[in-house]
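Colleague: Please find one structure pasted underneath; my questions will follow.
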Amino acid sequence: MKPITLKNLRQWKLEGKKFASLTAYDYSFARLFAEQGIPVLLVGDSLGMTIQGHDSTVPVTVDDMVYHTRHVRQGAPNVLLLADLPFMSYATKEQAGHNAARVMQAGANMVKIEGGAWLADTIRYLTERAVPVCGHLGLTPQSVNIFGGYQVQGKTEEHADQLLSDALTLEAAGMQLLVLECIPLSLAKRITEALSIPVIGIGAGTQTDGQILVMQDMIGITSGYVPKFAKNFLTETGSIAAAVEEYQRQVLAGTFPSLEHSFKG
Ligand code: KIV
Ligand code: NA
Numbered sequence: 001m002k003p004i005t006l007k008n009l010r011q012w013k014l015e016g017k018k019f020a021s022l023t024a025y026d027y028s029f030a031r032l033f034a035e036q037g038i039p040v041l042l043v044g045d046s047l048g049m050t051i052q053g054h055d056s057t058v059p060v061t062v063d064d065m066v067y068h069t070r071h072v073r074q075g076a077p078n079v080l081l082l083a084d085l086p087f088m089s090y091a092t093k094e095q096a097g098h099n100a101a102r103v104m105q106a107g108a109n110m111v112k113i114e115g116g117a118w119l120a121d122t123i124r125y126l127t128e129r130a131v132p133v134c135g136h137l138g139l140t141p142q143s144v145n146i147f148g149g150y151q152v153q154g155k156t157e158e159h160a161d162q163l164l165s166d167a168l169t170l171e172a173a174g175m176q177l178l179v180l181e182c183i184p185l186s187l188a189k190r191i192t193e194a195l196s197i198p199v200i201g202i203g204a205g206t207q208t209d210g211q212i213l214v215m216q217d218m219i220g221i222t223s224g225y226v227p228k229f230a231k232n233f234l235t236e237t238g239s240i241a242a243a244v245e246e247y248q249r250q251v252l253a254g255t256f257p258s259l260e261h262s263f264k265g
């Protein structure tokens, strides 16, 4: 695989070519995903659940993110690698700068941060200092204690308009990629069409430019509650490599996520 950059993603959006991405937390899976041609990997703070067994992403530290980012990069030298900045590590733009430097030096190409228009200054600050930023709107898991649980977001017209307006504000501030999580598919389509940057969905229907899944959800080893948008590709394929291949095939074909893995509105 040639090194994947944001330029590739922007080109794919222009061409209407979809792309698949996965979370990764270690060398072995990162290598396998890269070998299967997955162009974008995310060291997600979902590792608080999938790796550490917590019930939220709140306990995850910058040290944790640095550790996992380093090892994922070892396995996947040429993917576009995103790393989450964890809970409260970007409360001020100076903190964001300090912590972004740590995950970038561990091997990330870009950082992801959760939240709306309040992040505009932070995005401008990071981008001016050579850190590309991916936003994350909709269900933002670091806010679980504000939400009081994990629910579909953007269901009222007012909230939907708010999310679209946040997305436009952050794009104007320099955001170069956006993750939309758990929102109605009609809203995801609206936001994807309104932005010129690529948009990646999870639980956001089939109309976004790219898709992402938590790798444990993709191979059906999620413990406890399995979200509606998750799909186990391992049972229908029989090997992890084939599951990754099939996931990517269905994303590129636009057949995953189907309606049963999406939220109507
Ligand atoms: O941490 C994570 O895995 C994520 C994805 C669900 C987008 O943020
Ligand atoms: Na995350």
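The opening position of the sequence shown corresponds to residue 1 in the working numbering, with each subsequent residue numbered one higher. Ideal Cβ positions, reconstructed from N, Cα and C, are used throughout, including at glycine. Predicted model, so just to flag it, every value in this text is computed and none were measured.
Where does residue 255 sit, in a helix, a strand or coil, going by DSSP?
Modeller: Note: residue 255 maps to coil in three-state DSSP.
Colleague: Quick one: does the C-beta of residue 46 sit closer than 7 Å to a heavy atom of the ligand NA?
Modeller: yes
Colleague: Per DSSP, which one or two residues make a beta bridge with residue 84?
Modeller: 112
Colleague: By the three-class DSSP mapping on this structure, what secondary structure does residue 138 have?
Modeller: strand
Colleague: Measure the Cβ-Cβ separation of residue 263 and residue 231 and say whether it is below 8 Å.
Modeller: No.
Colleague: Could you pull the DSSP bridge partners for residue 211 from this structure?
Modeller: DSSP output for residue 211 lists 20, 201 as bridge partner(s).
Colleague: Please go through the same chain and pick out, in chain order, the residues whose beta-carbon is closer than 8 Å to the beta-carbon of residue 76, but skip the five residues on each side of it.
Modeller: 24, 30, 31, 33, 34, 41
Colleague: Classify residue 138 as buried or exposed, calling it buried when 16 or more other Cβ atoms lie within 10 Å of its own Cβ.
Modeller: Buried.
Colleague: So for residue 43, helix, strand or coil by DSSP?
Modeller: strand
Colleague: Check the C-beta distance from residue 62 over to residue 99 and give it rounded, since I have them as a contact under 8 Å.
Modeller: Confirmed, Cβ separation roughly 5 Å.
Colleague: Is residue 183 close to the ligand KIV? I mean its beta-carbon at under 7 Å from any heavy atom of the ligand.
Modeller: no
Colleague: Identify, in the order they occur along the chain, each residue of the same chain with its Cβ nearer than 7 Å to the Cβ of residue 245, setting aside the five sequence neighbours on each side.
Modeller: So the list reads 36, once near-sequence residues are dropped.
Colleague: Starting from residue 157 and walking both ways along the alpha helix (DSSP H), at which residues does that stretch end?
Modeller: For residue 157, the uninterrupted alpha helix (DSSP H) segment begins and ends at 157-173.
Colleague: Would you identify the three-state DSSP class for residue 128, choosing helix, strand or coil?
Modeller: In the three-state reduction of the DSSP assignment, residue 128 falls in the helix class, which pools H, G and I.
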